[in-house]
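Enquirer: Residue numbers (my numbering): 7 to 297.
Beta carbons: idealized from backbone N, C-alpha and C, even for Gly.
My questions will all concern the structure given below.
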């Protein structure tokens with residue numbers, strides 16, 4: 007694996023972390039537990055003037071600019087648990103791989119004891135580097151550790167992505183729960199200092215800001231839009247907003263140019279249904295859902 011030399015800050019990987027608890031036994035491919043297809047959406051009166059469209063139509067909109075401009079893109083998914091965020095992100099990832107927006111998907115999957123995404127599972131940077139040859143042809147690599155205290159960081163996943171980008175690969179980095187890369191509020195976790203005392207930058211926000219031209223895409227999910235850092239709110243090109251209530255619905259309305267009826271509408275959405283915000287545009291009064 008090459009050293010990570012970045013236009014977005016420079017740091018080598020001579021100080022590979024040894025905090026992870028032992029190497030993995032090899033690639034494991036599994037079906038994701040949480041990515042079951044959503045049920046048929048609830049029959050609900052969504053109000054006058056609300057249009058309906060499919061998730062497939064939403065995916066076409068999300069990837070349109072990336073395909074037209076031959077660059078990376080970004081997608082956020084926010085909303086309450088068990089309303090289909092992981093399933094939809096998985097669909098978008100597959101479309102990215104199929105359409106050539108990305109050649110590799112790297113997932114920071116640290117939500118539960120078992121991985122939520124299918125792919126070759128590694129426990130962190132050190133495990134990835136030690137198994138680089140056998141992982142060479144894997145399109146999806148899931149960074150996960152069953153031990154809560156030994157789980158890889160989002161920073162490690164981004165270091166791998168930047169190394170792949172140096173090899174001219176098109177990569178998408180998924181932060182399944184983006185708050186795992188934050189300080190618990192609206193700021194990013196500060197990475198550990200290098201042995202020489204220098205402080206490396208947080209890499210996920212740099213990928214959001216500058217990755218598109220290097221064919222680096224990003225996706226993220228959250229249940230708590232109130233805690234989203236500025237880069238997620240301002241620079242993510244598309245955001246799918248699922249069922250939300252209370253403060254979360256109000257924050258979504260404030261952040262993503264939704265109309266005043268949004269909090270009530272978001273409360274009505276069924277599983278797999280969402281509104282789609284696109285950067286620089288007002289919501290077009292369409293609800294997307296399962297086909």
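In its own chain, which residues sit with a C-beta less than 8 Å from the C-beta of residue 349, not counting the 5 before and 5 after it?
Expert: Within the shown structure, residues of the chain are numbered from 7 to 297, placing residue 349 beyond reach of any answer.
Enquirer: When the Cβ atoms of the region 170-177 are set against those of the region 124-141, are three or more pairs found closer than 8 Å?
Expert: The region 170-177, when compared against the region 124-141, does not touch it at the 8 Å Cβ threshold.
Enquirer: What do you reckon, are the CB atoms on residue 261 and residue 89 nearer than 7 Å?
Expert: Cβ distance not < 7 Å, so residue 261 and residue 89 don't count as in contact.
Enquirer: DSSP three-state label for residue 73, please.
Expert: Looking at residue 73 - three-state DSSP - the assignment turns out to be helix.
Enquirer: To the nearest angstrom, how far is it from the Cα of residue 39 to the Cα of residue 99?
Expert: Because residue 39 carries a pLDDT of 43, less than 50, the predicted location of this residue cannot be relied on, and the following value inherits that uncertainty. Whole-angstrom Cα-Cα distance: 17 Å.
Enquirer: If you count every other CB in all the chains shown that lies within 10 Å of the CB of residue 9, and 16 or more means buried, which is it?
Expert: Here the model assigns residue 9 a pLDDT of 45, short of 50, so the residue's position is not dependable, and the following value carries that caveat. Classification for residue 9: exposed.
Enquirer: Closest by CA to residue 61, which one among 80, 93 and 85?
Expert: Minimum Cα distance to residue 61 is reached at 93.
Enquirer: With H, G and I counted as helix, E and B as strand and the rest as coil, what does DSSP make of residue 80?
Expert: In the structure shown, residue 80 sits in a strand (DSSP, three-state: E or B).
Enquirer: Could you tell me the distance, in whole angstroms, from the CA atom of residue 293 to the CA atom of residue 96?
Expert: Cα-Cα distance, rounded: 19 Å.
Enquirer: For residue 295, does the count of other Cβ atoms within 10 angstroms reach 16, so buried, or fall short, so exposed?
Expert: Buried.
Enquirer: Between which two residues does the alpha helix (DSSP H) carrying residue 168 extend?
Expert: Residues 160-172.
Enquirer: Does residue 187 come out as helix, strand or coil in the three-state DSSP assignment?
Expert: Here residue 187 sits in helix by DSSP.
Enquirer: Use the C-beta contact count for residue 275: other C-beta atoms within 10 angstroms, 16 or more gives buried, fewer gives exposed.
Expert: Looking at its Cβ environment, which holds 16 or more other Cβ atoms inside 10 Å, residue 275 is buried.
Enquirer: Answer yes or no: do residue 179 and residue 112 have a C-beta to C-beta separation smaller than 7 Å?
Expert: Cβ atoms of residue 179 and residue 112: closer than 7 Å.
Enquirer: In the region 174-237, which residue ranges form an unbroken beta strand (DSSP E) of at least 3 residues, counting only runs that do not cross its ends?
Expert: Runs found: 177-181 and 222-228.
Enquirer: Expressed to the nearest angstrom, what Euclidean distance is found between the alpha-carbon atoms of residue 6 and residue 228?
Expert: Nothing can be reported for residue 6: it is not among the residues displayed for the chain, which extend from 7 to 297.
Enquirer: Taking the continuous beta strand (DSSP E) assigned at residue 114, which residues delimit it?
Expert: 110-114 is the extent of the beta strand (DSSP E) around residue 114.
Enquirer: Hey, how far is the Cα of residue 283 from the Cα of residue 203?
Expert: One C-alpha to the other measures close to 41 Å.
Enquirer: Could you pull the start and end residues of the alpha helix (DSSP H) that residue 141 belongs to?
Expert: Looking at the DSSP string, residue 141 is not in any alpha helix (DSSP H), and its letter there is neither H nor E.
Enquirer: In the DSSP output, what is residue 149 paired with across the bridge?
Expert: Answer by DSSP bridge pairing, in chain order: 114 and 128.
Enquirer: Do you know how far the Cα of residue 273 is from the Cα of residue 4?
Expert: Only positions 7 to 297 of the chain appear in the structure, and residue 4 is not among them; the question remains open.
Enquirer: Measure the alpha-carbon distance for residue 263 versus residue 255 and round it to whole angstroms.
Expert: Spanning the two alpha carbons is a distance of roughly 12 Å.
Enquirer: Counting along the chain, where does the alpha helix (DSSP H) carrying residue 59 start and finish?
Expert: Here residue 59 belongs to no alpha helix (DSSP H); instead the beta strand (DSSP E) covers 57-60.
Enquirer: When we look at the beta-carbon of residue 82 and count the other beta-carbons within 10 Å, is it buried (16 or more) or exposed?
Expert: Buried, since its Cβ has 16 or more Cβ neighbours within 10 Å.
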